[in-house]
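Taking it in order: structure first as structure tokens, then the write-up.
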Amino acid sequence: MSPDAAADVTAYDSGALDDIRADEPLLKVRDLVKEFPIRAGVFRRQIGQVQAVTGVSFDLYPMETLGIVGESGCGKSTLGRSLLRLLEPTSGTVTFGTEDVTAASKHRLRELRSDLQMVFQDPYASLNPRLPIRDIVGEPMQIHGVPKKEARERVGDLLQRVGLLPEHGNRYPHEFSGGQRQRIGIARSLALRPKVIVLDEPVSALDVSIQAQVLNLLDEIQTEYELSFIFIAHDLSVVRHTSDRVAVMYLGRIVETANRQDLYESPAHPYSQSLLSSVPIADPRRERSRKRILLQGDVPSPANPPSGCRFHTRCPIVQERCKQEQPKLQQIAVGHQVACHFALQPGETLLERTEQLGRGAQVASS
Ligand SMILES: Nc1ncnc2c1ncn2[C@@H]1O[C@H](COP(=O)(O)OP(=O)(O)O)[C@@H](O)[C@H]1O
Ligand code: SF4
Ligand SMILES: [Mg+2]
């Protein structure tokens with residue numbers, strides 16, 4: 126496939142971006158909520174709900190990578206799936222270009238999916254084991270009525286583009302390694318030339334030696350296909366190399382968003398600082414003096430989240446107000462928002478603040 130091959134491929138454009146300017150967000154997410162009912166008893170009566178995603182808002186700009194980071198269970202996958210309506214959001218809106226995705230009919234949603242794609246965490250579970258690779262990669266084209274001959278050629282091109290051979294199209298998922306399977310998932314997501322891809326922990330299940338190769342591939346296709354990425358990860362180390370902006374999630378809410386440099390150099394939310402303290406530093410001298418902040422207690426259940434600030438049960442600098450009043454995301458610098466009543470100042474560390482309050486945080490030298 127030539128380097129310009131991306132430009133030769135017919136785009137199955139949904140038309141939703143026709144009337145927006147290049148500097149406007151592609152995707153606008155507002156107050157997105159996803160709750161799962163908890164049922165019990167013979168009559169399966171609803172006795173509660175899991176608040177997996179609560180009031181999430183953000184914008185995604187053309188060709189930007191927005192990293193979404195937080196511990197396992199904080200709602201990242203639910204958010205990713207709700208954006209594309211692979212799960213129906215409980216409330217809130219997702220606007221793609223000029224179109225409200227959350228209000229789209231089933232038929233229209235199918236058209237919009239040509240522009241909005243997802244790559245899943247587990248490349249094996251997400252590929253149908255009974256289908257040969259050419260059908261897996263070609264399926265989105267079949268759904269969109271791409272003529273058979275064109276689809277066949279394009280599958281060959283796509284497989285080559287992600288580093289496989291056209292002949293691989295005849296084989297089945299179990300014949301491939303984890304890294305190759307993720308390449309197949311990426312090829313499939315590219316089939317209709319999307320504008321946005323949600324990448325749900327795309328390298329977490331892969332060997333460390335393979336992770337860099339897949340990340341490089343994603344980087345290349347982003348430029349070539351002019352893609353915007355939502356890059357979901359459970360720690361800040363992968364996102365550091367891939368994201369332009371980062372949103373940190375805790376128990377279903379975004380607690381901080383900033384461009385990558387601001388988030389890594391002056392994280393203002395206590396949770397962001399504790400997450401960041403577990404990321405190794407490349408400079409060996411600084412690495413030796415790095416202290417890991419160990420948060421107390423387990424992550425509370427999203428079926429029964431804490432009152433006020435959801436982080437208050439684990440926050441080393443919690444005050445009375447935090448238990449009553451939920452902090453809103455507020456701008457503290459250009460493009461930097463934080464949801465904390467007592468946000469850390471630029472250059473201030475969580476340990477310093479903890480000491481100032483006469484408390485001790487549990488730390489470990491890494
Ligand atoms: N289909 C479901 N039914 C009920 N609860 C769910 C379902 N999917 C996810 N959850 C719950 O929602 C919360 C967020 O899960 P998830 O989005 O998978 O988190 P993450 O991707 O950050 O690990 C978890 O508490 C999880 O148990
Ligand atoms: S609002 Fe209070 S509990 Fe929440 S992160 Fe800030 S200081 Fe900690
Ligand atoms: Mg997940």
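The numbering of the sequence shown is our numbering, which starts it at 126 and goes up by one.
Glycine included, C-beta positions come from ideal geometry on N, C-alpha and C.
Bear in mind that the values here come from a model prediction, so they are computed numbers and not experimental data.
Note on Gln305: 16 or more other CB atoms within 10 angstroms of its CB, so buried under the neighbour-count rule. Three or more Cβ pairs drawn from the stretch 364 to 379 and the stretch 188 to 202 lie within less than 8 Å of each other, which places the two stretches in contact. Taking one beta carbon from each stretch, the stretch 205 to 225 and the stretch 240 to 250 have 3 or more pairs nearer than 8 Å; the two touch.
Going by beta carbons, Val181 and Val373 fall outside the 8 Å limit.
With fewer than 16 other Cβ atoms from the protein chains shown falling within 10 Å of its own Cβ, Ile406 counts as exposed. Each residue's CA atom was taken as its position, placing Leu331 and Ile309 some 14 Å apart. By a beta-carbon distance limit of 8 Å, Gly200 contacts Val178. Their separation comes to about 5 Å. For Gln307, the CB contacts under 7 Å within the same chain, skipping 5 residues up- and downstream, are Pro248, Pro327, Leu331 and Val339 in chain order. The C-beta of Ile172 has fewer than 16 other C-beta atoms within 10 Å across all chains shown, which makes the residue exposed. Counting only runs of 4 or more residues that sit fully inside the stretch 277 to 347, the alpha helix (DSSP H) segments are 303 to 315, in chain order.
DSSP places Met243 in the uninterrupted beta strand (DSSP E) bounded by Leu241 to Val244. Apart from sequence neighbours up to five positions away, the residues of its chain that approach Ser403 with a beta-carbon distance below 6 Å are Arg417, ordered along the chain. Around the beta carbon of Lys273, fewer than 16 other beta carbons sit within 10 angstroms, so the residue counts as exposed. Linking Gln174 to Gln267 through their CA atoms gives a straight-line distance of about 38 Å. Distances from the alpha-carbon of Glu224 to those of Pro150, Leu284, Val280 and Gly263 put Pro150 closest. In terms of CA proximity to His461, Asp387 leads the group Glu477, Pro452, Phe467 and Asp387. Non-local beta-carbon contacts of Ala486 in its own chain, meaning distances under 7 Å to residues more than five positions away in sequence, involve Ile418, Pro441, Leu475, Leu476 and Thr479 in chain order.
With the criterion CB distance below 5 Å from any heavy atom of ligand 1, the matching residues run Phe161, Val175, Ala177, Ser197, Gly198, Cys199, Gly200, Lys201, Ser202, Thr203 and Pro427 along the chain. For His437, no beta strand (DSSP E) segment is defined, and its DSSP state is neither H nor E.
Apart from sequence neighbours up to five positions away, the residues of its chain that approach Gly422 with a beta-carbon distance below 8 Å are Thr438 and Arg439, ordered along the chain. Proximity to Ser197 across Leu142, Val167, Leu376 and Val226 peaks at Leu376, based on C-alpha coordinates.
Looking only at Glu351, Pro265, Ala458 and Thr382, the smallest Cα-Cα distance to Ala147 is reached by Glu351. Out of Val424, Ser314, Cys465 and Gly472, the CA that lies nearest to the CA of Ser391 is found in Gly472. Contact between Leu142 and Gly222 holds, with the beta-carbon distance rounding to 4 Å and staying under 8 Å. When DSSP states are grouped into helix, strand and coil, Gly422 belongs to the coil group. Distance between Leu185 and Val167, taken at the CA atoms: about 44 Å.
The residues Leu361, in chain order, have a CB closer than 6 Å to that of Leu400 in the same chain once the five nearest residues on each side in sequence are set aside. Distances from the CB of His394 to the heavy atoms of ligand 2 include at least one below 7 Å. Of the residues Val463, Asn429 and Val271, the one whose Cα lies closest to the Cα of Pro452 is Val463. Taking C-beta atoms as the reference points, Gln347 and Phe354 count as a pair closer than 8 Å.
Around the beta carbon of Gln398, 16 or more other beta carbons lie within 10 angstroms, which makes this residue buried.
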